[in-house]
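Numbering (UniProt numbering), first residue to last: 1 to 310. Here a beta-carbon is modelled for each residue, glycine too, at the ideal position from N, C-alpha and C. Quick caveat, the model's predicted, so the values are computed rather than measured.
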């Protein structure tokens, strides 16, 4: 069978293909936890959810896999690309995203050979470089003391470590191989951490200490695209001091200069991106400064009488 998928923005650009046997992990189906078992030479089939696509790829790579196929869960399919996070390590193996239906079909072919190849479609020319169109403008009415200030709603990246309510006890010397394996899997899950995004409102900003005091928004106010931290009681969570570099306002990092502002970002499509960027310093250049409205000029109309003599 042949399946077409969507690649990841974090995919290695120099890898055009990968081949191996199709495999999956029943005890770590979403690949969000470090693998205990090895998958050397495998194209690993994993389920969407619970962590970044990029984490799935790096965990699979650490276990010896040569490629990753992520199949969808109950959510809408990814239409452009699987997005990653700049704080995470870049995997050296390729990944693609397929629909839930295609994933179920692939699960029926476990153990069989699999070949993953990078291809283009009618919208993408792989031989052409990625291009970006940037539109600069200045606006004298743009006044902010800092990029993220009191009252702003920001998205904060947080590393969350998992804690177990009932940690398992160490197996005794008479434990079976299966019991030892299950204990190792649980320990690996307990020691893992994941990168999550949480939305909050800025209560205070301290540029000197490069930090923000943030009050987390309630569960209903969290962005669906951003997500929440599982198990976190948002209604009772106190204000938290977070690093300025971990917070973003409308996609712009809070450490960005306040005189530069991404006003509009069109989602990259077909290897093209478009930005509209506000740069206050451009207002000093007459040819780039906003055109001033022309002053109104009055027109005096005088009645003129012409006398015609015969």
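Taking the straight line between their C-alpha atoms, what separation do you get for residue i and residue j?
| i | j | result |
| --- | --- | --- |
| residue 86 | residue 175 | 42 Å |
| residue 98 | residue 279 | 40 Å |
| residue 199 | residue 218 | 9 Å |
| residue 215 | residue 75 | 29 Å |
| residue 52 | residue 69 | 14 Å |
| residue 209 | residue 244 | 9 Å |
| residue 247 | residue 155 | 6 Å |
| residue 250 | residue 113 | 44 Å |
| residue 104 | residue 35 | 22 Å |
| residue 12 | residue 118 | 11 Å |
| residue 88 | residue 255 | 19 Å |
| residue 274 | residue 253 | 18 Å |
| residue 145 | residue 257 | 10 Å |
| residue 158 | residue 220 | 19 Å |
| residue 177 | residue 109 | 28 Å |
Looking at residue j and residue i, is the spacing between their C-beta atoms short of 8 Å?
| i | j | result |
| --- | --- | --- |
| residue 50 | residue 32 | yes |
| residue 206 | residue 150 | no |
| residue 6 | residue 82 | yes |
| residue 43 | residue 65 | yes |
Pull up the DSSP beta-bridge partners for residue i, would you.
| i | result |
| --- | --- |
| residue 78 | Note: residue 78 sits in no beta bridge, so no partner. |
| residue 158 | 196 |
| residue 110 | DSSP lists no partner for residue 110. |
| residue 30 | The partner list for residue 30 (beta bridge, DSSP) is empty, contrary to what the question assumes. |
| residue 240 | 214 |
| residue 248 | 155 and 253 |
| residue 93 | DSSP lists no partner for residue 93. |
Given a threshold of 16 other Cβ atoms within 10 Å of its Cβ, counted over all protein chains shown, does residue i qualify as buried or as exposed?
| i | result |
| --- | --- |
| residue 84 | buried |
| residue 211 | buried |
| residue 107 | exposed |
| residue 179 | exposed |
| residue 78 | buried |
| residue 91 | buried |
| residue 54 | buried |
| residue 135 | exposed |
| residue 58 | buried |
| residue 61 | buried |
| residue 40 | exposed |
| residue 152 | buried |
| residue 28 | buried |
| residue 80 | exposed |
| residue 111 | exposed |
| residue 26 | exposed |
Less than 8 Å between CB atoms is the rule here; does residue i satisfy it with respect to chain C?
| i | result |
| --- | --- |
| residue 250 | Annotation note: the requested chain C is absent from the structure, which comprises a single protein chain. |
For residue i, is the beta carbon positioned less than 7 Å from some heavy atom of the ligand ATP?
| i | result |
| --- | --- |
| residue 133 | Of ligands this structure carries none, so the ligand ATP is not represented either. |
Counting Cβ pairs closer than 8 Å, one from the stretch 37 to 47 and one from the stretch 2 to 10, do we hit at least three?
Judged by Cβ distances under 8 Å, the stretch 37 to 47 makes no contact with the stretch 2 to 10, as fewer than three pairs qualify.
Between the stretch 21 to 28 and the stretch 88 to 103, do three or more beta carbon pairs fall short of 8 Å?
Contact between the stretch 21 to 28 and the stretch 88 to 103 is absent: fewer than three C-beta pairs spanning the two stretches fall below 8 Å.
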